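Under UniProt numbering, the residues of the sequence shown are numbered 1 to 314, in order.
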Amino acid sequence: MSIDKPAARPAENAMAAIDSMIDRGHRLTLFVGDRAYAPSTDVTKLQGPLKARGIAVVSDYRKDQLGIKEQHAGALYVEGVAYGPCLPDALANASIDFRENRTSEEVYLARIEERRRYQLQQKSSPDANGVVVMRCPAAGPAPTVSCALKPRAGKAELGLPSLPPTTNVPDVPPRICTNKESVSFGPEHGLKYGQKVPYKTSEWRKLYHSPRNTIEGLNGLLKNDATAAFASPGRRRVRGRAAQTIFAALMIAAINVSKIRSYLRERASHDTDHSTTPRSKPSNDGRRRRHTLSEYSRSTTDGLASRAGPDRDS
1 MSIDKPAARP AENAMAAIDS MIDRGHRLTL FVGDRAYAPS TDVTKLQGPL KARGIAVVSD
61 YRKDQLGIKE QHAGALYVEG VAYGPCLPDA LANASIDFRE NRTSEEVYLA RIEERRRYQL
121 QQKSSPDANG VVVMRCPAAG PAPTVSCALK PRAGKAELGL PSLPPTTNVP DVPPRICTNK
181 ESVSFGPEHG LKYGQKVPYK TSEWRKLYHS PRNTIEGLNG LLKNDATAAF ASPGRRRVRG
241 RAAQTIFAAL MIAAINVSKI RSYLRERASH DTDHSTTPRS KPSNDGRRRR HTLSEYSRST
301 TDGLASRAGP DRDS
């Protein structure tokens, strides 16, 4: 654990905790945090190191973090997901319009679902450098929209279903449109605002709200006068940061032990198979890359959390 000024170094402290868990043999695949973490922090201190460790992000956004925030090869990054340049403005700005009370929740959720059609399709798994190949939603064997720039050869003869036509075709088509099949995306693309699943979809709500409710419930338990009374300074009448840190550690440990015992009792009533299948090592495509996942590896980020700032009381 670490004690710091609130919101002073959230990325560094988060990575210190994550690396501690990894070093003790835990396998982490998902990081869920509030707006103080991603995307508000420096990508070299949080999002990059998380990606290098194979940990996906699910987070919320402030109002100024909504809408189109990045582009690559013509693809538009909207709230953590890459879309084709044909994405209609109403769909790109769906979250902005809802936050500004210009649309109802029903209309908003319908636009979020409609946005799926315009998502770029992932053609391959990331290679050893974190490079992934993506293609236009109107390309490939299973397009989700139709576009004049990507005609579906033999559609009538094959009896394929018709797809909604794009109405926002770029006047000067970018690479994602003109490349025959696909475009490579490096690990730096979409990194700051990236999400595991599209924002505000049913999958996002499931992944985000349950862990957030869990941690807020734990915080409430810590602060409750009937348990650790963490919010009551009168329960630990000692001076000095060292003593306060020890008291805090003991309180948190006691609550954690209580939660673990409750979990183990519940788990004992279920016979669950937790077997895992080893993953194959991704290959490199052989090209030299300006940006790779090694930029965010443990060797380049280990010192961040250990750089203590000036002494502050908890």
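The beta carbon of each residue, even a glycine, is placed where N, CA and C say it ideally should be.
A quick note: this is a predicted structure, and the numbers were derived from the prediction, not measured.
Looking only at DSSP bridge pairs, what is GLY33 linked to?
-> Stepping through the sequence shown from its first residue, residue 33 is reached at position 33. BP columns for GLY33 point to SER59.
Do ALA11 and LYS51 have their CB atoms nearer than 7 Å?
-> Here residue 11 is taken as the residue at index 11 of the sequence shown, counted from 1. Here residue 51 is taken as the residue at index 51 of the sequence shown, counted from 1. In this structure, LYS51 does not lie closer than 7 Å to ALA11 by Cβ.
Assign PHE185 to one of three DSSP states: helix, strand, or coil.
-> Walking along the sequence shown from the start, residue 185 turns up at place 185. Taken through DSSP and simplified to helix, strand or coil, PHE185 comes out as strand.
Using beta-carbon positions only, say whether ILE68 and ALA92 come within less than 7 Å of one another.
-> Locating residue 68 in the sequence shown gives position 68, counting from the first residue. Locating residue 92 in the sequence shown gives position 92, counting from the first residue. Their beta carbons are under 7 Å apart, which means ILE68 touches ALA92 by this criterion.
Identified DSSP bridge partners for VAL131 | Translated into the one-based positions of the sequence shown, residue 131 becomes position 131. Answer by DSSP bridge pairing: none, since VAL131 is not bridged.
Taking 7 Å as the cut-off, decide whether the C-beta atoms of VAL43 and LEU191 are in contact.
-> As a position in the sequence shown, residue 43 is number 43, starting the count at 1. As a position in the sequence shown, residue 191 is number 191, starting the count at 1. Yes, Cβ-Cβ distance for VAL43 and LEU191 is below 7 Å.
State the CB to CB distance for the pair VAL57 and GLN47, rounded to an integer number of angstroms; the pair is presumed to be in contact (CB under 8 Å).
-> The residue given as residue 57 occupies position 57 in the sequence shown. The residue given as residue 47 occupies position 47 in the sequence shown. About 6 Å separates the two Cβ atoms, so the contact holds.
Using CA coordinates, which residue listed in SER294, PHE98, ALA90 is at the minimum distance from ARG115?
-> As a working note, residue 115 is residue 115 in the sequence shown. Comparing Cα positions, the closest option is ALA90.
Where VAL43 sits in the DSSP three-state scheme = Indexing the sequence shown from 1 puts residue 43 at position 43. Looking at VAL43 - three-state DSSP - the assignment turns out to be coil, as it is neither helix nor strand.
Does the distance from the C-beta atom of THR167 to that of CYS147 stay below 7 Å?
-> Along the sequence shown, one-based indexing puts residue 167 at 167. Along the sequence shown, one-based indexing puts residue 147 at 147. No, the Cβ-Cβ distance between THR167 and CYS147 is not below 7 Å.
My guess is that LEU207 and PRO173 are in contact by the Cβ rule of under 8 Å, so how many angstroms apart are they, rounded?
-> Here the question's residue 207 lines up with position 207 in the sequence shown. Here the question's residue 173 lines up with position 173 in the sequence shown. The pair is not a contact, with the Cβ atoms about 35 Å apart (cut-off 8 Å).
Near THR227, which residues of its chain fall below 7 Å by C-beta distance, leaving aside the five closest residues on each side in sequence?
-> To locate residue 227, count along the sequence shown from 1; it is residue 227. Closer than 7 Å at Cβ, skipping near neighbours: LEU221, ILE255.
Limits of the unbroken beta strand (DSSP E) element including VAL169 | Along the sequence shown, read from residue 1 onward, the residue named residue 169 stands at position 169. Taken as a continuous stretch (DSSP letters only), VAL169 belongs to no beta strand (DSSP E), as it is neither H nor E.
With respect to the beta strand (DSSP E) encompassing LEU72, which residues constitute its N-terminal and C-terminal limits?
-> Indexing the sequence shown from 1 puts residue 72 at position 72. Looking at the sequence shown, residue 72 is not Leu but His. 68–72 is the span of the beta strand (DSSP E), which, as asked, contains HIS72.
Kindly provide the ranges of any beta strand (DSSP E) runs that are 3 or more residues long and lie completely inside the region 68–118, ordered along the chain.
-> 68–72, 75–78, 81–83
Euclidean distance between Cα positions of ARG290 and PRO187 = Start at 1 with the first residue of the sequence shown, and residue 290 comes out as number 290. Start at 1 with the first residue of the sequence shown, and residue 187 comes out as number 187. For ARG290 and PRO187, the distance between alpha carbons rounds to 10 Å.
Taking buried to mean at least 16 other C-beta atoms within 10 Å of its own C-beta, is SER202 buried or exposed?
-> In the sequence shown, counting from the first residue as 1, residue 202 sits at position 202. Classification for SER202: exposed.
Could you say which of ILE215, ASN224, CYS136, ARG111 lies nearest to TYR199 if we only look at CA atoms?
-> For the purposes of this step, residue 199 is identified with residue 199 of the sequence shown, where counting begins at 1. Checking every option, the nearest Cα to that of TYR199 belongs to ARG111.
DSSP-derived helix/strand/coil call for SER146 | Locating residue 146 in the sequence shown gives position 146, counting from the first residue. Here SER146 sits in strand by DSSP.
Length of the line joining the Cα atoms of PRO126 and PRO143 | Stepping through the sequence shown from its first residue, residue 126 is reached at position 126. Stepping through the sequence shown from its first residue, residue 143 is reached at position 143. So the alpha carbons of these two residues sit roughly 21 Å apart.
Could you tell me which uninterrupted alpha helix (DSSP H) segments, each at least 4 residues in length, are contained entirely in the region 177–238, listed from first to last along the chain?
-> The alpha helix (DSSP H) runs of length 4 or more contained entirely in the region 177–238 are, from start to end of the chain, 202–223.
Do ALA229 and ARG235 have their CB atoms nearer than 7 Å?
-> Working through the sequence shown from its first residue, we reach residue 229 at position 229. Working through the sequence shown from its first residue, we reach residue 235 at position 235. A contact, by the Cβ cut-off of 7 Å.
When burial is assigned at 16 or more other CB atoms within 10 Å of the CB, is GLU79 buried or exposed?
-> On the sequence shown, position 79 is the one that residue 79 refers to. It counts as buried.
Exposed or buried, what is TYR193 when buried is set at 16 or more other beta-carbons lying within 10 Å of its beta-carbon?
-> Within the sequence shown, residue 193 is the residue found at index 193, counting from 1. Around the beta-carbon of TYR193, 16 or more other beta-carbon atoms lie within 10 Å, marking it buried.
Please confirm whether VAL131 and SER184 have their CB atoms less than 7 Å apart.
-> Along the sequence shown, one-based indexing puts residue 131 at 131. Along the sequence shown, one-based indexing puts residue 184 at 184. Taking 7 Å as the Cβ cut-off, VAL131 and SER184 qualify as a contacting pair.
Neighbourhood of ILE18 by C-beta, 6 Å cutoff - its chain only, sequence neighbours within 5 removed = On the sequence shown, position 18 is the one that residue 18 refers to. If we look at ILE18 and ignore the five residues flanking it on each side, it has no Cβ neighbours.
Take ALA7 as the anchor and find which of ASP34, SER182, GLY25 has the nearest alpha-carbon.
-> As a working mapping, residue 7 is identified with position 7 in the sequence shown. Considering only alpha carbons, the answer is ASP34.
Return the residue from the list ASN129, THR178, ARG9, ASP225 that minimises the CA-CA distance to SER151.
-> One-based indexing of the sequence shown puts residue 151 at position 151. It should be noted that the sequence gives Pro, not Ser, for residue 151. Comparing Cα positions, the closest option is THR178.
Using DSSP bridges, identify the partner residues of GLN121.
-> By one-based count along the sequence shown, residue 121 stands at place 121. Answer is ARG135, bridged to GLN121.
Identify whether ALA8 lies in helix, strand or coil by the three-state DSSP scheme.
-> To locate residue 8, count along the sequence shown from 1; it is residue 8. Coil, per DSSP.
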